[in-house]
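In this note's numbering, the protein residues as written are 45 to 132. Scroll down for the structure; my scribbles are underneath it.
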């Protein structure tokens, strides 16, 4: 995706979530875009809220692993890897 396309995607996912906050796929897709653009704090908050609303799911754990790897938080990354392995 081009930068403009990612910005548009963020905008539309944000609007969709604002309209209906119970859109799990949109929440996860927006978190992924936030990770890719380096907005780690926003992504972390979004994923934690997701886990509170829906419970910890494989897709959210995979994104949390990606997030912590990108942020350089090796301890948290390993914690989430182990948690994901227990779910498999």
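Just so you know, even glycine gets a beta-carbon here, dropped at the ideal spot from N, CA and C. Owing to the predicted nature of the structure, the values given are computational and were not obtained by experimental measurement.
Q) Terminal residues of the continuous alpha helix (DSSP H) containing residue 88? A) Note, residue 88: alpha helix (DSSP H), 84-98.
Q) Could you give the distance in angstroms between the alpha-carbon of residue 73 and the alpha-carbon of residue 132? A) Residue 73 and residue 132 have their C-alpha atoms some 22 Å from each other.
Q: Return the CA-CA distance between residue 63 and residue 54, expressed in angstroms with no decimal places.
A: Taking C-alpha positions only, residue 63 is separated from residue 54 by approximately 14 Å.
Q. If you run the structure through DSSP and keep just helix, strand and coil, what is residue 101?
A. Looking at residue 101 - three-state DSSP - the assignment turns out to be coil, as it is neither helix nor strand.
Q | Option in 80, 117, 89 with minimal Cα separation from residue 49 | A | For the residues 80, 117, 89, the minimum Cα distance to residue 49 belongs to 80.
(Q) Cutting at 8 Å between CB atoms, please list the residues of its own chain near residue 60, excluding the five before and the five after it. (A) Taken in chain order, the residues that qualify are 67, 70.
Q. Can you tell me whether residue 129 is buried or exposed, with buried defined as 16 or more other CB within 10 angstroms of its CB?
A. Sixteen is the threshold: since fewer than 16 other Cβ atoms of the shown chains lie within 10 Å of the Cβ of residue 129, the residue is exposed.
Q.
Just to confirm my understanding: we take residue 105, look at its own chain, exclude 5 residues before and 5 after, and list those with CB closer than 8 Å. What are they?
A. When the five nearest sequence neighbours on each side are left out, the beta carbons in the same chain lying within less than 8 Å of the beta carbon of residue 105 are those of 124, 127, 128, 131, in order along the chain.
Q) Starting from residue 70 and walking both ways along the alpha helix (DSSP H), at which residues does that stretch end? A) 68-80 is the span of the alpha helix (DSSP H), which, as asked, contains residue 70.
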